[in-house]
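Protein chains in written order, with our numbering: chain G, 42 to 391; chain W, 259 to 477.
Here you go:
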């Protein structure tokens, strides 16, 4: 009895906690890192008062947010107003179930993993749209409308670029996708090379999908204050914040998995030395590589934010529908040709 | 607690949620709440399909209906601000038609359950299990080999539908000034701006003596 209880209930819960708790900590540190990086780019200090080098700033902010009152606007839809932050957070966390961190380091190694990811990321828009509607505020509704239209548009470009990966891999399983990028030509075996335009489109769509600068018209401060979460305060706002940053980190991890070989080493196949385990991950690959890649991608989010002015709304729509989607559709065809003529080889067998 | 029992309990739980949410769709006064109940219905049905190991259909239902179609529904409902009282006025008028539709559906369902209860496999064995593939993989194989022509025809019909919808709604009104993002992006700086090259001016060799404070003060 206890055995079953352990393997079917307690162990999965522990696995889930082992992903979610570091994720929340990562979000906190990511916020700190963002403020620090943008500070440096603006020739400022960034947060530097709380804790060593200001590292505890994010935790201080979280404590502050949690002890603030959650204000309910008059004439707002109370149930939906409280439901919306959760609807934003749950898909952002649930998507992590299929993310493989390393060989066999995955919570759910499902065959329809990519589909599951698409399903979860498409659910996140409900939190935004409901937050905007339930707030009973014009700014919030405008932000929600912009955001929802943008997320739906860029989901298509994102989905089509993932289709290119699927064409080359022939599997919807994320672990298989990483395995297919193994080889002995180092980082030239990864999909970024044959799918270069699609790789760039995927990441830019990811930035747009998470409503980050320069695509952050959903919360354009100068126009609609803070967009869909303008009425939210305290812990409810913190949950939106958490969801946004968790999905940013998710997009970074997925870009690394789909196009940058996941946990594979960029030196794969070039070094075949025997070394102790703590050192040979450098060429045989390990979860540390995935984290390094994801860190670099998440750094790009911050770099974009500090570098680019905000896109205008109609330009965002044009970019998504008239530029990205046609390119990805063409590249699906190109990927099919590459697969058919065997220009791209899959796995270590090459 | 054998897995089958858990599966049965989960089936009834999801089924109860689906039926409850479906009832809420037609009883709730607030149309946004009704749309959200419809979302919940789709979600519960997707869970039931997952239990039936039709994971591709289940996830496709969530991606297509919950993720895209219902969001647009929500858009429309939020924008239109429908007064439900007016919609409800025709209830008595449409009731006979509704009852007929409900009766036909009931008869069909009973017929289907009856066929299943007699142990007849109308659709045959589960082909995915027979081929030893996962549901998704088998669907892919079947769609792109056995059913390629119908699949392509469906794609063409959908494309025609999209083109028709765009053609019906796309209106070019004359005399309207609007921005063209394509033109704006294609702007060449050379047509907008002239860079003048000129020799740098040198400072006068004699340094200007500092202005005396007496001149600075105004009278």
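In this text, a Cβ means the ideal position worked out from N, Cα and C, and glycines have one as well.
These numbers come from a predicted model, not from an experiment.
With 16 or more other Cβ atoms inside 10 Å of its own Cβ, residue 141 (chain G) counts as buried. Residue 216 (chain G): member of the alpha helix (DSSP H) spanning 215-221, first to last residue.
Between residue 366 (chain G) and residue 201 (chain G), the C-beta gap is smaller than 8 Å, which places the two residues in contact. For residue 377 (chain G), the enclosing alpha helix (DSSP H) has its first and last residue at 366-381. Residue environment: residue 359 (chain G) is assigned as buried (16 or more neighbouring CB atoms within 10 Å of its CB, all protein chains considered). Considering only G:264, G:212, G:145, G:96, the residue with the shortest C-alpha distance to residue 56 (chain G) is G:145. Contact of residue 440 (chain W) with chain G by beta-carbon distance below 9 Å involves 359, 363.
Between the C-alpha atoms of residue 298 (chain G) and residue 289 (chain G) there is a straight-line separation of about 14 Å. Taking a Cβ-Cβ cut-off of 8 Å, the neighbours of residue 355 (chain G) in chain W comprise 437, 439, given in sequence order.
For residue 332 (chain W), the C-beta contacts it makes with chain G under 7 Å involve 170, in order along the chain. Counting only residues of its own chain and dropping the five nearest sequence neighbours on each side, residue 137 (chain G) has a CB closer than 6 Å to the CB of 60. The Cβ neighbour count for residue 354 (chain W), taken over all protein chains shown within 10 Å, is under 16; the residue is labelled exposed. Secondary structure of residue 86 (chain G) (DSSP, three-state): coil.
Unbroken alpha helix (DSSP H) stretches of 4 residues or longer found wholly inside the stretch 298-354 of chain G: 318-325, 328-348, given in chain order. Only those residues of the stretch 131-163 of chain G whose C-beta falls short of 7 Å from the nearest C-beta of chain W are listed: 152, 153, 156, 157, 159, 160, 163. Residue pairing by DSSP places residue 143 (chain G) opposite G:146 in a beta bridge. The Cβ-Cβ distance between residue 176 (chain G) and residue 264 (chain G) does not fall below 8 Å. Less than 8 Å divides the Cβ of residue 227 (chain G) from the Cβ of residue 307 (chain G).
Taking a cut-off of 8 Å for Cβ pairs, the stretch 270-286 of chain G and the stretch 186-198 of chain G do not touch, as fewer than three such pairs fall below it. A Cβ-Cβ distance of about 18 Å is found for the pair residue 194 (chain G) and residue 372 (chain G), leaving them out of contact under the 8 Å criterion. Between the alpha carbons of residue 247 (chain G) and residue 351 (chain W) lies a gap of roughly 50 Å. Taking 8 Å as the cut-off, the Cβ atoms of residue 331 (chain G) and residue 143 (chain G) count as close.
Exclusion of the five residues before and after residue 185 (chain G) leaves 169, 170, 172, 173, 174, 269 as the residues of its chain whose Cβ lies within less than 7 Å of its Cβ. Counted as a single uninterrupted DSSP element, the alpha helix (DSSP H) harbouring residue 423 (chain W) occupies residues 406-427. Sequence-distant partners of residue 401 (chain W) (beyond 5 residues in either direction) whose C-beta falls short of 7 Å from its own C-beta, in its chain, are 409.
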